[in-house]
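Q:
Protein chains: 2
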Amino acid sequence: MTRRVCFTMQLQRDRIADYLAAHETVWPEMREALSETGWSDYSLFVRESDGLVVGYLVTDDFDRARARMAEQEVNARWQATMAPYFESSEDPDRSMVSLEEYFHLA
Amino acid sequence: MTRRVCFTMQLQRDRIADYLAAHETVWPEMREALSETGWSDYSLFVRESDGLVVGYLVTDDFDRARARMAEQEVNARWQATMAPYFESSEDPDRSMVSLEEYFHLA
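Taken in sequence, the protein lines are chains X and W.
Per the working numbering, residue 737 is the first one in the first sequence, and the count goes up by one each step.
Per the working numbering, residue 737 is the first one in the second sequence, and the count goes up by one each step.
1) Based on the DSSP output, what are the partners of SER771 (chain W) in its beta bridges?
2) Just how far apart, CA to CA, sit THR773 (chain W) and ASP829 (chain X)?
3) What alpha helix (DSSP H) runs, 4 residues minimum, are completely inside the segment 783-825 of chain X?
4) Look at the alpha carbon of ARG800 (chain X) and the alpha carbon of ARG751 (chain X), and state the distance between them as a whole number of angstroms.
5) Closer than 7 angstroms to a non-hydrogen atom of the ligand MG - does that hold for the CB of ASP750 (chain W)?
6) For GLU823 (chain W), I'd like the list of residues in its chain whose CB is within less than 6 angstroms of its CB, leaving aside the five on either flank, ordered along the chain.
7) Does the Cβ-Cβ distance between VAL741 (chain W) and THR817 (chain W) come in under 8 angstroms?
8) Of the choices X:LEU756, X:SER834 and X:ASN811, whose alpha-carbon is the least far from that of GLU765 (chain X)?
9) Mind checking the segment 765-790 of chain W against chain X and listing, in chain order, the residues whose C-beta falls within less than 8 angstroms of any C-beta there?
10) Which partner residues of SER776 (chain W) appear in the DSSP bridge assignment?
11) Alpha carbon to alpha carbon, what distance is there between MET737 (chain X) and GLU760 (chain W)?
12) Using alpha carbons as the reference points, say which of X:SER831, X:PRO820 and X:GLY791 lies closest to ALA753 (chain X).
13) For ARG813 (chain X), return the contacting residues in chain W, with the cut-off set at a CB-CB distance below 9 angstroms.
14) Kindly list the residues whose CB is nearer than 6 angstroms to the CB of GLY791 (chain W), restricted to its own chain and excluding five residues on each side of it in sequence; keep chain order.
15) To the nearest angstrom, how far is the alpha carbon of ALA757 (chain W) from that of GLU784 (chain W)?
16) Please work out which residues of its chain come closer than 8 angstroms, Cβ to Cβ, to LEU835 (chain W), disregarding the five sequence neighbours upstream and downstream, and give them in chain order.
17) Relative to the alpha-carbon of VAL762 (chain W), which residue among W:MET832, W:PHE839, W:TRP814 and W:VAL833 has its alpha-carbon at the smallest distance?
18) Span of the alpha helix (DSSP H) holding LEU756 (chain X)?
19) Residue range of the beta strand (DSSP E) that GLN746 (chain X) falls in?
20) I'd like to know if GLU823 (chain W) contacts chain X, where contact means its C-beta is closer than 8 angstroms to some C-beta of that chain.
21) Where does ALA842 (chain X) land, buried or exposed, given buried means 16+ other C-beta within 10 angstroms?
22) Can you round the beta-carbon distance between VAL782 (chain W) and TYR838 (chain X) to whole angstroms, since I take them to be within the 8 angstroms contact cut?
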């Protein structure tokens with residue numbers, strides 16, 4: 737059964753433009769790895785006033801999709817290049833906060 | 737052409753539980769009005785730690801969908817009941833902040 741997933745992350749405010757520029761050329765291997773590990777209809781949005789990042793995707797099992805993506809070598813390389821843009825000094829993947837869906841209209 | 741839309745709103749932190757309880761019974765007329773005015777695959781998510789609300793939907797024209805919904809009598813009644821839960825003292829619909837999509841994977 738597929739479910740809709742939403743999460744947030746927080747950019748450093750003075751790195752928003754650089755972060756967005758980096759996303760103009762997401763590596764094809766990164767896109768392929770996401771598709772292969774179960775990330776579908778995956779969008780990332782930014783609130784430009786403060787660098788809030790919102791992710792939305794559809795997946796069968798988000799814990800499994802995250803775990804499988806975490807095993808990908810390309811993901812480790814990608815997250816290492818992204819880490820400096822985020823508030824958390826950790827791996828950006830580990831700073832995701834999951835939100836609860838309380839309403840849906842098909 | 738359909739597009740994916742994401743927006744945020746902010747609940748008062750001490751009203752999160754009451755707000756979520758109110759969403760267990762969204763009026764059928766409210767759901768119908770949303771569908772009729774072009775709100776599709778519409779989800780609302782909450783970050784329970786601080787009451788951030790994230791909306792996601794697919795629509796042909798978000799400005800038009802918002803404008804059409806704003807004309808619905810049932811929407812005025814619904815938003816009046818929701819207003820006390822939000823930080824802004826205004827109509828919640830007017831406090832929406834639109835986010836920019838910078839990445840998408842089908």
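Where a beta carbon is used, it is the ideal one built from N, C-alpha and C, also for glycine.
A: For this structure:
1) As a first step, residue 771 (chain W) is located in the second sequence; it is residue number 35 there, counting from the start. As DSSP reads the structure, SER771 (chain W) sits in no beta bridge.
2) Start at 1 with the first residue of the second sequence, and residue 773 (chain W) comes out as number 37. Start at 1 with the first residue of the first sequence, and residue 829 (chain X) comes out as number 93. Taking the straight line from one Cα to the other gives about 37 angstroms.
3) 798-806 and 809-818
4) The residue given as residue 800 (chain X) occupies position 64 in the first sequence. The residue given as residue 751 (chain X) occupies position 15 in the first sequence. Using only the alpha carbons, I get a separation of about 30 angstroms.
5) This structure lacks the ligand MG; in fact it carries no ligand of any kind.
6) As a working mapping, residue 823 (chain W) is identified with position 87 in the second sequence. Around GLU823 (chain W): GLN746 and GLN748.
7) Here residue 741 (chain W) is taken as the residue at index 5 of the second sequence, counted from 1. Here residue 817 (chain W) is taken as the residue at index 81 of the second sequence, counted from 1. No; because the gap between Cβ atoms is not below 8 angstroms, this pair is not in contact.
8) As a position in the first sequence, residue 765 (chain X) is number 29, starting the count at 1. Answer by Cα proximity: X:ASN811.
9) ARG767, LEU770, SER771, TRP775, SER776, ASP777, TYR778, SER779, LEU780, PHE781, VAL782, ARG783, GLU784, SER785, LEU788 and VAL790
10) If you number the second sequence from 1, residue 776 (chain W) lands on position 40. Paired residue(s): W:VAL794.
11) Walking along the second sequence from the start, residue 760 (chain W) turns up at place 24. Walking along the first sequence from the start, residue 737 (chain X) turns up at place 1. MET737 (chain X) has its alpha-carbon roughly 22 angstroms from the corresponding atom of GLU760 (chain W).
12) Here residue 753 (chain X) refers to the residue found at position 17 when the first sequence is read from its first residue. The residue with the shortest Cα to Cα distance from ALA753 (chain X) is X:PRO820.
13) Working through the first sequence from its first residue, we reach residue 813 (chain X) at position 77. Those do not exist, as ARG813 (chain X) stays about 17 angstroms from chain W at its closest Cβ, beyond 9 angstroms.
14) Sequence index remark: in the second sequence, residue 791 (chain W) carries index 55 (1-based). Closer than 6 angstroms at the Cβ level, and outside the excluded window around GLY791 (chain W), lie PHE743 and LEU780.
15) Working through the second sequence from its first residue, we reach residue 757 (chain W) at position 21. Working through the second sequence from its first residue, we reach residue 784 (chain W) at position 48. Straight-line Cα distance between these residues: approximately 13 angstroms.
16) Within the second sequence, residue 835 (chain W) is the residue found at index 99, counting from 1. Only CYS742, PHE743 and THR744 meet the Cβ criterion.
17) Taking the second sequence and counting its residues from 1, the one referred to as residue 762 (chain W) is at position 26. Among W:MET832, W:PHE839, W:TRP814 and W:VAL833, the Cα nearest to that of VAL762 (chain W) belongs to W:TRP814.
18) Within the first sequence, the letter at position 20 stands for residue 756 (chain X). LEU756 (chain X) -> alpha helix (DSSP H) spans 752-758.
19) Position 10 of the first sequence, counted from the start, is the residue given in the question as residue 746 (chain X). For GLN746 (chain X), the enclosing beta strand (DSSP E) begins and ends at 739-746.
20) Here the question's residue 823 (chain W) lines up with position 87 in the second sequence. Not an interface residue.
21) Here residue 842 (chain X) is taken as the residue at index 106 of the first sequence, counted from 1. It is exposed - the Cβ of ALA842 (chain X) has fewer than 16 other Cβ atoms within 10 Å.
22) For the purposes of this step, residue 782 (chain W) is taken as residue 46 along the second sequence, with counting starting at 1. For the purposes of this step, residue 838 (chain X) is taken as residue 102 along the first sequence, with counting starting at 1. With 8 angstroms as the limit, VAL782 (chain W) and TYR838 (chain X) qualify as a contact, their Cβ atoms being about 6 angstroms apart.
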